[in-house]
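Undergrad: Going letter by letter, the sequence shown gives residues 4 to 519 in our numbering.
Beta carbons are placed, not taken as given, at the ideal position from N, Cα and C, and that holds for glycine.
Computed from a predicted model, the values in this text were never measured in an experiment.
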Amino acid sequence: MSSSYSGSSRTPKTATRPGRTLAILALVLVALLAAVFIQGATSVKLGLDLRGGTSVTLQPRLAAGESGAVTNAAIDQAVSIIRQRVNSLGVAESEVTAQGSGVNRQIVISVPGDTGRRVVDLVGQTAELRFRQVLVSGAPAATAVTAANATPPAGVSAATNAQYAALDCTKAANRQGTGTDKATDVIVGCDRNGSSKYILAPAEVLGRQVSKASAAINQTTGSGWYVLLTFDDSGTKSFGALTTRVTTLPAPTNEVAIVLDGLVVSAPRINEAITSGSAQITGSFTQIEAEDLANVLKYGALPLAFDRGEVQQISPTLGADQLHAGLLAGFLGLFLVVLYSLLYYKGLGVVSVGSLLIAGSLTYMLFLLLGKWLGFTLTLAGIAGAIVAIGITADSFIVYFERVRDEVREGRSLRSAVESGWLRARRTIIVADFVSMIAAALLYFFAVGGVRGFAFTLGLTTLIDLFVVFLFTKPILTILARMHFYSSGHPLSGLSAKALGILPASGALPSSVKEA
């Protein structure tokens, strides 16, 4: 005996074109898959707890006469700036912490993966940006002080002149930025490439007067990266006054050196006053160098100078066993959800299985691409967030299925029930997912460490759930409702009278279900 549904068969006007919707989903999947191959994203990046990474200790350095300058407030400020710099590079799950107390406080930076060394090189920069007028410039090699250069130029002491003559910028040791120079001093310094050396006047514009910094490329040539700076009001006035004054001076005093951590990045000649509040730092930068420099300037200079300790490779804190355990838990949870769906919903269970497969594929491909594009790393906490998402996806199709079954019980045909049930179910699904996204956002912005990884994957997979419900679950159920196997109420369809609970104990069929 088979059953079919009678009653209202009018389909709501909101009925969609399921074929077109599924075609859009297929295009998205193909596009993501193509992006994975084009980008060469072949594996998910793992976090510190699963893969290990790079760790370095930064020890505050005190100049002469600065004992006691290492305060808790200064260390905390440095931790905050370093954390912002790391996050700006898209390096997820990094750890920046302060350890010790008093003058012995240190900052420990741990970055996952093999690219941590570049990040470590970046975050420890004091980023003391200063604009200084060039007083003397010359070849990088050391020279003896002879009668020809024994008389220092105006504004330069004999001691500074002798220091300039003795400086050898061809030695790499002399091209290590220290950031210990004082803004009010006349200083001697090297070009960062070791091609020139300089005597520089006291700084007239400081890095803290920079309000914005960004990396850009020369649009005309398509090469030549530079850093574009925007000054605040005081910086605009100071830079305008400096460039106005030097334009009429002879070389090299008509040059303004851009000095970062005691090294000259570039020293352009000033041909006209610059009063717009903007400036460019050029210096044969690569894209990475320009972006790194913009990032350290964007968040300000560190309040202290640091000596870098030994850079070490750290082993995973949890390791492969925990990774395998987490993955096993995920697959076990997925298997149980699939098994329950097939046993309880029978033929309808194929929709839930398909939804989970689509959601899983989208999640995996996005993990690959986000790791390539943004440096996203997956931790054990992130895996937990993905496991929770299995339940979120299951909740969505259960809400929809039960609403469809309720509509059938009320006498609607299956095709009509799919549409009217969707109108009622989608609001519940959207509200439930929206609540999960709010929780994920709050966790991400107000938590640190592994909790942020959990929040990120929870939020991402919740968005994927909405995408799958709208572009796969609903249209595929619309197509299945047109098939005789489901519309006739076959015992294995999950929509039989018995499955719906409308088969009386006496065996007589309700008026809404007629025997075939």
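Under 8 Å between the Cβ atoms of S355 and A397?
TA: Closer than 8 Å, so yes.
Undergrad: Using the beta-carbon count (16 or more within 10 Å), is Q102 buried or exposed?
TA: Answer is exposed; the Cβ neighbour count stays below 16.
Undergrad: Excluding the 5 residues flanking R406 on each side, which residues of the same chain have their C-beta closer than 6 Å to its C-beta?
TA: The residues are G424, R427 and A428.
Undergrad: Of the choices L417, G357 and L346, whose alpha-carbon is the least far from that of L28?
TA: With distances taken between Cα atoms, L28 lies closest to G357.
Undergrad: Under the assumption that T465 contacts I386 (Cβ atoms under 8 Å), give the Cβ distance between them as a whole number of angstroms.
TA: Actually they are not in contact, since the Cβ atoms of T465 and I386 sit about 16 Å apart, beyond 8 Å.
Undergrad: With DSSP collapsed to three states, give me the class of Q316.
TA: Correct three-state label for Q316: strand.
Undergrad: Please name the residue, chosen from F334, G333 and L359, that lies closest to S344 on a Cα-to-Cα basis.
TA: Cα-wise, what sits closest to S344 is L359.
Undergrad: Would L469 and F404 qualify as a contact pair, given that the criterion is a beta-carbon distance under 8 Å?
TA: Taking 8 Å as the Cβ cut-off, L469 and F404 do not qualify as a contacting pair.
Undergrad: Considering only residues of the same chain and omitting the five flanking positions on each side of A169, which have a CB-CB separation below 7 Å?
TA: Contacts found: A145.
Undergrad: Would you kindly work out how many angstroms separate the C-alpha atoms of L373 and F459, rounded to a whole number?
TA: Distance between the alpha carbons of L373 and F459: 12 Å.
Undergrad: Assign W228 to buried or exposed, taking buried as 16 or more other Cβ atoms, counted over all protein chains shown, within 10 Å of its Cβ.
TA: It counts as buried.
Undergrad: I'd like the span of the alpha helix (DSSP H) that includes K477, first residue to last.
TA: K477 to L483 is the span of the alpha helix (DSSP H), which, as asked, contains K477.
Undergrad: The beta strand (DSSP E) spanning A244 covers which residue range?
TA: Note, A244: premise wrong, no beta strand (DSSP E); alpha helix (DSSP H) at D236 to V249.
Undergrad: Could you please give me the residues that DSSP links to I284 through a beta bridge?
TA: V230.
Undergrad: Below 8 Å between beta carbons: does that hold for E207 and L232?
TA: It is not a contact, given that the beta carbons lie outside the stated cut-off.
Undergrad: When DSSP labels each residue in this structure, what does K185 get in the three-state scheme?
TA: Correct three-state label for K185: coil.
Undergrad: Leaving aside the five residues before and after A162 along the sequence, list all residues of the same chain whose C-beta is less than 7 Å from its C-beta, in chain order.
TA: Counting only Cβ-Cβ distances below 7 Å, and skipping sequence neighbours, we find nothing.
Undergrad: In the DSSP output, which residue or residues are listed as bridge partners for V191?
TA: In the DSSP output, where bridge partners are listed per residue, V191 has I202.
Undergrad: For F134, which residues does DSSP report across the bridge?
TA: Paired residue(s): V208 and I261.
Undergrad: Look at the alpha carbon of A76 and the alpha carbon of Q109, and state the distance between them as a whole number of angstroms.
TA: Their Cα atoms are separated by approximately 13 Å.
Undergrad: How is T223 classed by DSSP in three states: helix, strand or coil?
TA: If DSSP states are grouped into helix, strand and coil, T223 belongs with coil.
Undergrad: With a threshold of 16 other CB atoms inside 10 Å of the CB of L296, please say whether the residue is buried or exposed.
TA: Classification of L296: buried, given that the 10 Å Cβ count is 16 or more.
Undergrad: In this structure, does DSSP put P21 in helix, strand or coil?
TA: Reduced to three states, the DSSP call for P21 is helix.
Undergrad: Around the Cβ of N107, are there at least 16 other Cβ atoms within 10 angstroms (buried) or fewer (exposed)?
TA: When all chains shown are included, N107 counts as exposed.
Undergrad: Within 10 angstroms of its Cβ, does S199 collect 16 or more other Cβ (buried), or is it exposed?
TA: By the neighbour-count rule (16 or more Cβ atoms within 10 Å), S199 is buried.
Undergrad: Specify, as a first and last residue, the run of the beta strand (DSSP E) that A308 falls within.
TA: First-last of the beta strand (DSSP E) with A308: A308 to R311.
Undergrad: Report yes if the CB atom of I1 is closer than 8 Å to the CB atom of F242, and no otherwise.
TA: Nothing about residue 1 can be reported from this structure: the residues present for the chain run from 4 to 519 only.
Undergrad: Rounded to whole angstroms, what's the CA-CA distance from L51 to R455? Just pull it up for me.
TA: So the alpha carbons of these two residues sit roughly 14 Å apart.
Undergrad: Beta strand (DSSP E) containing E410: first to last residue?
TA: Careful: E410 lies outside any beta strand (DSSP E), inside the alpha helix (DSSP H) at L383 to R412.
Undergrad: Helix, strand or coil for A450 per DSSP?
TA: The answer is coil: DSSP assigns A450 none of H, G, I, E or B.
Undergrad: Near V194, what residues of its chain come up, given a Cβ to Cβ distance below 6 Å and the 5 sequence neighbours on each side ignored?
TA: Just to set this straight, residue 194 is Asp in the shown sequence, not Val. Cβ neighbours of D194 beyond the five flanking positions: V267.
Undergrad: Straight-line CA distance for A37 to V340?
TA: Near 30 Å, if we compare the C-alpha coordinates of V340 and A37.
Undergrad: How many angstroms separate the CA atom of A389 from the CA atom of A219?
TA: Distance between the alpha carbons of A389 and A219 is about 37 Å.
Undergrad: Does Q179 come out as helix, strand or coil in the three-state DSSP assignment?
TA: Q179: coil per DSSP, three-state reduction.
Undergrad: May I ask which residues mark the beginning and end of the beta strand (DSSP E) holding R415?
TA: Note, R415: premise wrong, no beta strand (DSSP E); not H, not E.
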